[in-house]
Amino acid sequence: MTALLPGTAATWSGVARRIAQAEWIKLRTLRSTAAILSFACVLTAGFAALIANGNTSRTGTQFDPVNMCMSGLIFGQYLFAAFGALVMTSEYGSGTIRATLAATPRRAAMLIGKAIALAAAAAMSAVLTVAGSVALCELFFFHHAPRAALTSGPAVRALVSAVAILVIAALTGLALGAIFRSTAGALIGLAVLFFLALPLVTQLPTGTVRAWSEWLLPWISTAWAVRTVPMTSYAVAHNAPGPVTGLLAFGAEAFVLLAVSAVLLIRRDA
Amino acid sequence: MIELIDATKRFGGKTAVDKVSFALPPGRVTALIGPNGAGKTTTLRLILGLDKPSGGRVLVDGRPYYRLRTPLTAVGALLDGSAAHPGRRACDHLRWLAAGNGIPARRVDEVLEITGLSAVARERVRGFSLGMKQRLGIAAALLGDPPALLLDEPLNGLDPAGIRWARTLIRDRAAGGGTVLVSSHLMTEMSQIAEHGLVIARGRILADAPLAELQSGHASLEDAFFGLTEGHAEFQAGR
Numbered sequence: 001m002t003a004l005l006p007g008t009a010a011t012w013s014g015v016a017r018r019i020a021q022a023e024w025i026k027l028r029t030l031r032s033t034a035a036i037l038s039f040a041c042v043l044t045a046g047f048a049a050l051i052a053n054g055n056t057s058r059t060g061t062q063f064d065p066v067n068m069c070m071s072g073l074i075f076g077q078y079l080f081a082a083f084g085a086l087v088m089t090s091e092y093g094s095g096t097i098r099a100t101l102a103a104t105p106r107r108a109a110m111l112i113g114k115a116i117a118l119a120a121a122a123a124m125s126a127v128l129t130v131a132g133s134v135a136l137c138e139l140f141f142f143h144h145a146p147r148a149a150l151t152s153g154p155a156v157r158a159l160v161s162a163v164a165i166l167v168i169a170a171l172t173g174l175a176l177g178a179i180f181r182s183t184a185g186a187l188i189g190l191a192v193l194f195f196l197a198l199p200l201v202t203q204l205p206t207g208t209v210r211a212w213s214e215w216l217l218p219w220i221s222t223a224w225a226v227r228t229v230p231m232t233s234y235a236v237a238h239n240a241p242g243p244v245t246g247l248l249a250f251g252a253e254a255f256v257l258l259a260v261s262a263v264l265l266i267r268r269d270a
Numbered sequence: 001m002i003e004l005i006d007a008t009k010r011f012g013g014k015t016a017v018d019k020v021s022f023a024l025p026p027g028r029v030t031a032l033i034g035p036n037g038a039g040k041t042t043t044l045r046l047i048l049g050l051d052k053p054s055g056g057r058v059l060v061d062g063r064p065y066y067r068l069r070t071p072l073t074a075v076g077a078l079l080d081g082s083a084a085h086p087g088r089r090a091c092d093h094l095r096w097l098a099a100g101n102g103i104p105a106r107r108v109d110e111v112l113e114i115t116g117l118s119a120v121a122r123e124r125v126r127g128f129s130l131g132m133k134q135r136l137g138i139a140a141a142l143l144g145d146p147p148a149l150l151l152d153e154p155l156n157g158l159d160p161a162g163i164r165w166a167r168t169l170i171r172d173r174a175a176g177g178g179t180v181l182v183s184s185h186l187m188t189e190m191s192q193i194a195e196h197g198l199v200i201a202r203g204r205i206l207a208d209a210p211l212a213e214l215q216s217g218h219a220s221l222e223d224a225f226f227g228l229t230e231g232h233a234e235f236q237a238g239r
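Read top to bottom, the protein sequences are chains A and B. Here the first sequence stands for residues 1 to 270, numbered as in full-length UniProt numbering. Here the second sequence stands for residues 1 to 239, numbered as in full-length UniProt numbering.
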């Protein structure tokens with residue numbers, strides 16, 4: 001009999017740590033992890049740079065450099081979410097989910113371990129993505145324009161929120177991946193949630209359904225969360241939640257979706 | 001000890017496993033034999049908790065599989081190939097499995113050695129042949145050096161040398177006091193590997209007896225099998 005590493009079976013917290021470790025190894029040992037996260041980073045920073053470059057009115061009270069540096073976030077959040085979804089759906093696609101659940105039959109614990117490892121990976125690349133966006137905008141496009149006062153309270157808050165949003169987006173993706181169990185389903189679900197729900201609602205005829213949807217959507221649609229991040233001097237759009245409230249709503253939404261996915265994971269056969 | 005007590009699994013209106021009861025004692029190779037669609041794989045999935053029973057109980061060492069804290073050290077399973085992600089290196093697939101169950105990393109090298117995969121350990125599973133994937137699946141099953149092995153069609157894709165190796169491995173595990181359940185539809189092969197037979201068709205256990213007893217009065221295990229499963233096969237050739 002092989003002697004197990006110390007502490008393995010002693011406590012559930014020991015078990016939880018090992019599950020997160022296993023999931024971390026899984027993330028590190030697939031090339032697609034680095035590929036999709038680098039792609040997200042480059043596209044997000046690149047888009048911000050293009051926006052900043054194209055902006056001619058670099059003065060005035062409406063000009064908000066931090067906001068501009070974060071304009072790539074609309075793509076970034078979707079790509080981070082896609083990454084989260086793929087972490088789950090690739091296991092269903094390849095049959096690895098059977099090995100995963102045979103090794104970790106406590107399914108909620110497995111999902112929590114996955115979420116921890118995913119959040120860690122997403123946080124690292126989110127910091128790089130946000131830092132890269134700011135650096136690119138500042139270095140190349142604001143050399144003759146007002147630089148963003150990066151140490152001001154609102155600016156710091158905006159950049160920290162941007163990192164948080166990317167991590168929450170990844171966790172939202174993980175939840176949708178576990179709910180749909182197919183890459184196509186999860187990516188469509190994320191696209192509806194992130195981009196399509198809002199414009200579709202405005203097409204609805206005026207009435208109760210539309211009124212309810214218009215009240216609800218800013219809270220669940222992540223496009224709003226992104227818009228509420230920078231918000232240094234950015235005009236508050238209609239009934240959008242404030243920056244902190246928006247972020248909390250986004251986080252709560254991810255939490256609820258993860259809870260739903262945990263229940264489905266436990267109830268369904270693998 | 002693995003034990004099923006009236007285990008039943010229904011998918012929608014279809015009953016895949018119907019009040020199946022059996023116990024697997026240690027020190028014996030048991031063959032789970034049945035035609036395609038008989039419920040062999042579902043039975044194994046029930047033991048591993050991948051499918052939840054619609055009725056009855058499925059116990060590993062007296063408790064449901066999900067109550068095991070380091071399940072890989074209790075039951076090693078090979079289900080339908082290696083279940084390894086094609087983009088991952090073979091050694092990394094075993095590394096995450098080991099980490100999650102507190103199995104020391106050196107055991108990864110040991111099972112790679114046992115299964116003859118040491119030379120390709122750092123290659124990605126995408127490039128593996130069916131036989132190599134099968135060996136990797138067996139390596140994963142042996143990782144926790146578990147007292148029980150559940151092997152679903154373990155000989156699939158193995159070459160003659162591989163089949164011989166797997167046969168010896170399976171018999172050695174049982175000889176060393178292990179519990180081994182091997183599912184297959186390869187009768188001849190089963191009569192060389194197993195001592196005991198569980199014949200399953202349409203989700204029901206038709207026989208639970210030593211292979212010698214099942215075979216008596218028939219020319220071969222194959223004949224005995226067809227005698228037992230007459231009219232039970234789910235997918236019979238046109239007649």
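All C-beta atoms, glycine included, are put in the ideal place defined by N, C-alpha and C.
Under DSSP, the beta-bridge partners assigned to VAL60 of chain B are B:ILE2 and B:ARG63. Beyond the five residues adjoining it in sequence on each side, ASP6 of chain B comes within less than 6 Å, by CB distance, of LYS19, SER21 and GLY56 in the same chain, given in chain order.
By the criterion of a C-beta distance shorter than 8 Å, ALA175 of chain B is surrounded in its chain by GLY27, once the five residues flanking it on both sides are discounted. The C-beta of LYS133 of chain B has 16 or more other C-beta atoms within 10 Å across all chains shown, which makes the residue buried. Measuring C-alpha to C-alpha distances from LEU174 of chain A to each of A:GLY207, A:MET110, A:ALA197 and A:VAL209 identifies A:MET110 as the nearest. Annotation: LEU136 of chain A to LEU159 of chain A spans about 14 Å, alpha carbon to alpha carbon. For LYS26 of chain A, the chain B residues whose C-beta falls within less than 7 Å of its own C-beta are TRP96, listed in chain order. In chain order, CYS69 place their CB closer than 6 Å to the CB of VAL134 of chain A, counting only its own chain and leaving out the 5 sequence neighbours on each side. Chain-order list of chain B residues neighbouring ILE112 of chain A: empty, with the shortest C-beta distance near 13 Å, by a criterion of under 7 Å. The closest CA to that of GLU113 of chain B, considering only B:ARG10, B:ALA90, B:GLY76 and B:ARG45, is found on B:ALA90.
Following the DSSP letters along the chain, one finds PHE22 of chain B inside the beta strand (DSSP E) bounded by residues 14-24. As the crow flies, the alpha-carbon of VAL263 of chain A is around 47 Å from that of ALA212 of chain B. By the Cβ criterion, the region 42-56 of chain A is not in contact with the region 112-123 of chain A, since fewer than three pairs of Cβ atoms, one from each stretch, lie closer than 8 Å.
Along the region 100-113 of chain B, going in chain order, the ones with a CB nearer than 7 Å to a CB of chain A are GLY100, ASN101, GLY102, ILE103, PRO104 and ARG107. Between LEU149 of chain B and VAL75 of chain B, the C-beta gap is smaller than 9 Å, which places the two residues in contact. The CB of LEU5 of chain A comes closer than 8 Å to the CB of GLY102, ILE103 and PRO104 in chain B, given here in chain order. Within chain B, the C-beta atoms nearer than 8 Å to that of SER32 of chain A come from GLY87, in chain order. One alpha carbon belongs to ALA20 of chain A, the other to PRO146 of chain B, and they sit about 23 Å apart.
Excluding sequence positions up to five before and after GLY49 of chain B, its CB lies within less than 6 Å of the CB of TYR65 and TYR66, all in the same chain and listed in chain order.
Interface annotation, SER213 of chain A: not in contact with chain B, CB-CB separation never under 9 Å. Beta bridge pairing from DSSP links LEU32 of chain B with B:SER183 and B:LEU198.
Inclusion of HIS93 of chain B and ALA84 of chain B in the CB contact set at 9 Å is warranted, their separation being smaller than that value.
Spatial neighbours of MET190 of chain B in its own chain (CB-CB distance under 8 Å, excluding positions within 5 residues in sequence) are listed in chain order as ALA31, ILE33, VAL182, SER184, GLY197, LEU211 and LEU221.
Per DSSP, the continuous alpha helix (DSSP H) segment holding PRO243 of chain A begins and ends at 243-267.
Of all alpha-carbon atoms in A:THR206, A:LEU247, A:ALA155 and A:PRO105, the one lying nearest the alpha-carbon of ALA169 of chain A is that of A:LEU247. Distance check between THR100 of chain A and each of A:GLU138, A:ILE36, A:LEU217 and A:LYS26 places A:LYS26 closest, using alpha-carbon atoms only. Relative to ILE36 of chain A, the option among A:ASP269, A:SER71 and A:ALA121 whose CA is nearest is A:ALA121. The DSSP assignment places complete alpha helix (DSSP H) segments of no fewer than 4 residues inside the region 92-135 of chain A at 96-103, in order along the chain. Taking 9 Å as the CB threshold, ARG18 of chain A lines the interface with chain B.
ARG204 of chain B has a beta carbon lying at 9 Å or more from every beta carbon in chain A. Around the Cβ of ALA194 of chain B, a 10 Å sphere holds 16 or more other Cβ atoms; the residue is buried.
A contact between stretches requires three or more CB pairs, one per stretch, nearer than 8 Å, and the region 186-203 of chain A meets this requirement with the region 81-89 of chain A. Secondary structure at PHE11 of chain B: strand, using DSSP grouped into helix, strand and coil. For the C-beta of ALA77 of chain B, the chain A residues within less than 8 Å are, from N- to C-terminus, ALA102. Close partners of ARG181 of chain A in chain B (Cβ separation under 8 Å) are lacking, with about 14 Å as the shortest Cβ gap.
With a contact defined as Cβ atoms closer than 8 Å, ALA119 of chain A and LEU171 of chain A qualify at about 6 Å.
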